[in-house]
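Student: Mapping to our numbering: the first sequence position 59 is 88, numbers consecutive.
Every residue gets a Cβ at the ideal spot worked out from N, C-alpha and C, and that includes glycine.
Since this is a predicted model, take the numbers as computed values, not measurements.
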Amino acid sequence: MKSAKGKGPTKKGTREALKPVDDRKLGKRKAPVKADKSSKKLTKKEKAVKKDPNKPKRPPSAFFVFLEEFRKVYKQEHPNVKAVSAVGKAGGEKWKSLSDAEKAPFEAKAAKRKADYEKQISAYNKKQESMADDGEEESDRSKSEVNDDEEDSEEVSNLNFANWLLKLFLKINDM
DNA sequence: CGCCTGATTGTTCGA
DNA sequence: TCGAACAATCAGGCG
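(1) Here's a check: name, in chain order, each residue in its chain whose Cβ is nearer than 8 Å to the Cβ of Glu98, leaving out the five neighbours to either side.
(2) For the 8 Å Cβ check, are there 3 or more pairs between the stretch 139 to 151 and the stretch 97 to 114?
(3) For Val110, report the span of its alpha helix (DSSP H) as first-last.
(4) What does the Cβ neighbour count give for Lys138, buried or exposed, with the cut at 16 atoms within 10 Å?
(5) Alpha carbon to alpha carbon, what distance is there between Glu147 and Lys196?
(6) Reducing DSSP to helix, strand and coil, say where Lys84 ends up.
(7) Measure the CB-CB distance between Leu103 and Val116 and report whether it falls below 7 Å.
(8) Ser114: which of Leu96, Ser128 and Lys84 sits nearest, CA to CA?
(9) How close, in whole Å, do the beta carbons of Phe198 and Glu106 come, if the pair is a contact with beta carbons under 8 Å?
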């Protein structure tokens, strides 16, 4: 059952070049080159230390957005499951099962995430410059008013997503 | 006692 | 252009 990972089906040509990325699956997913100072996962520490609260973390990709919903559903069906890998594998497999149409809504969110992320980065960079001189943050009102064009039409769809996913999940599960 | 790893894919920056 | 790293999650395992 797929011990070779989805190397074939998902491959998109350009992805072939990213083949080395798969290497991270072999064991270490990071820092082969660095290996300098305790290259431990600073990501977690960054959170705890909170050195830069304004530092925008990479927003979840479409796959992660889907995973967030998927995890909820998965937990409902598998409350006993105790392993992130389980959801990861199941989610990944399912993700590939999704059609472009199904991925569309998630990709839409991903696109939106980029817009927000861009703003956050902009604000973050700006702040860094400001602080470098005076340390006085503040700034103007960047209240992240991202109400531009579309979007915001969800709200209620949020639950629908879970419901739809649940249905899809059960449906495929039955197959 | 506390932090890290595992597993999925996508995105994003850096050299 | 390519590559490497990190994004969430949750519980267990190790120092």
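Tutor: Here's the rundown:
(1) Phe190, Ala191 and Leu194
(2) no
(3) Val110 -> no alpha helix (DSSP H), and no H or E assigned at all.
(4) buried
(5) 34 Å
(6) coil
(7) First, the amino acid is wrong: residue 103 is Tyr here, not Leu. Cβ atoms of Tyr103 and Val116: closer than 7 Å.
(8) Leu96
(9) 7 Å
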